[in-house]
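Q: This is the structure, below, for whatever I ask next.
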Amino acid sequence: MKNFSTLFLLVCLVFCSFVPAFSADEFTYEDGKVDLVCPDGWKHTITEESLTMSSPDGAVQFVFELLEADDLVAGIEQAHKEINAAVGETTFGEPVEEKINGMDALTFTGTCPAKGLEIILSIIDTPADNALCVYYFAAKAAEETHAAGIAEVINGIRPAVVEAAGDEETDADADAGDEEEGDVE
């Protein structure tokens, strides 16, 4: 089951590289120096703590937040507790080291049998040298239905593009643009 979910997400990632993103919302998670993409038609919510994306029917959800722990092990334990509190008791397999668009990541794949959910927790080492937690929740049937959107989200998690020196905004311009463009801090 774990291998199937990982394989499924990798196939989605490859598929997405051939599918253009039309009208997708793009965000920069400034504290992590990571760009994120929310597919067209998907919903997103930004708070001070996180960015949440969900498929139009709510059957697939991603949550992005910076790990609030000095110790990676403590952070992973905290993430597991938060998942259990949010969806119920979950079971996770052994972590897999991987790269997500060039960034090192540690990924746990699991399930919540009581709710029939596939759950993935990825801890990504960001260009800002902190850890971005990416939580993924989906009903098994929804993974196939929303494969293109899932792949677009995963493909959109990438190091933030650094603007050239001549293209930089002033701090005041950047602050004003953050609110208008929905940047996550």
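Read the sequence shown against our numbering and you will find it ends at 1121, with the numbers running on by one and no gaps.
The C-beta atom is built at its ideal place from N, Cα and C for all residues, glycine as well.
Everything numeric in this text was worked out from a predicted model, so none of it was measured.
#1: Would you report the Cα separation of L1003 and A1010, rounded to the nearest angstrom?
#2: Pull up the CB-CB distance for T1062 and G968, whole angstroms please, since I reckon it's below 8 Å.
#3: Let me know the secondary structure DSSP gives V973 once reduced to three states.
#4: Run the CB neighbour count on A1074, radius 10 Å, all protein chains shown included, and call it buried at 16 or more, exposed below.
#5: From what residue to what residue does the alpha helix (DSSP H) around A1022 run?
#6: Just curious, the alpha helix (DSSP H) that G1052 is in, first and last residue?
#7: For V996, count the other beta carbons within 10 Å of its own beta carbon; 16 or more makes it buried, fewer makes it exposed. Which is it?
#8: First and last residue of the alpha helix (DSSP H) that includes F1090?
A: Checking against the coordinates, here is how it stands:
#1: Within the sequence shown, numbered from 1, the residue matching residue 1003 stands at position 67. Within the sequence shown, numbered from 1, the residue matching residue 1010 stands at position 74. Going from the Cα of L1003 to the Cα of A1010 covers about 10 Å.
#2: The residue given as residue 1062 occupies position 126 in the sequence shown. The residue given as residue 968 occupies position 32 in the sequence shown. Indeed, because the Cβ distance is near 4 Å, the residues count as touching under 8 Å.
#3: Along the sequence shown, read from residue 1 onward, the residue named residue 973 stands at position 37. Strand.
#4: The residue given as residue 1074 occupies position 138 in the sequence shown. Residue environment: A1074 is assigned as buried (16 or more neighbouring CB atoms within 10 Å of its CB, all protein chains considered).
#5: For the purposes of this step, residue 1022 is taken as the residue at position 86 of the sequence shown. For A1022, the enclosing alpha helix (DSSP H) stretches over residues L1008 to V1023.
#6: By one-based count along the sequence shown, residue 1052 stands at place 116. According to the DSSP assignment, G1052 belongs to no alpha helix (DSSP H), since it is labelled neither H nor E.
#7: In the sequence shown, the residue the question calls residue 996 occupies position 60. V996 sits buried, since 16 or more C-beta atoms from the chains shown fall within 10 Å of its C-beta.
#8: Here residue 1090 is taken as the residue at index 154 of the sequence shown, counted from 1. A small correction: the amino acid at residue 1090 is Ile; Phe does not occupy that position in the sequence shown. Annotation for I1090: the continuous alpha helix (DSSP H) segment containing it runs A1083 to G1092.
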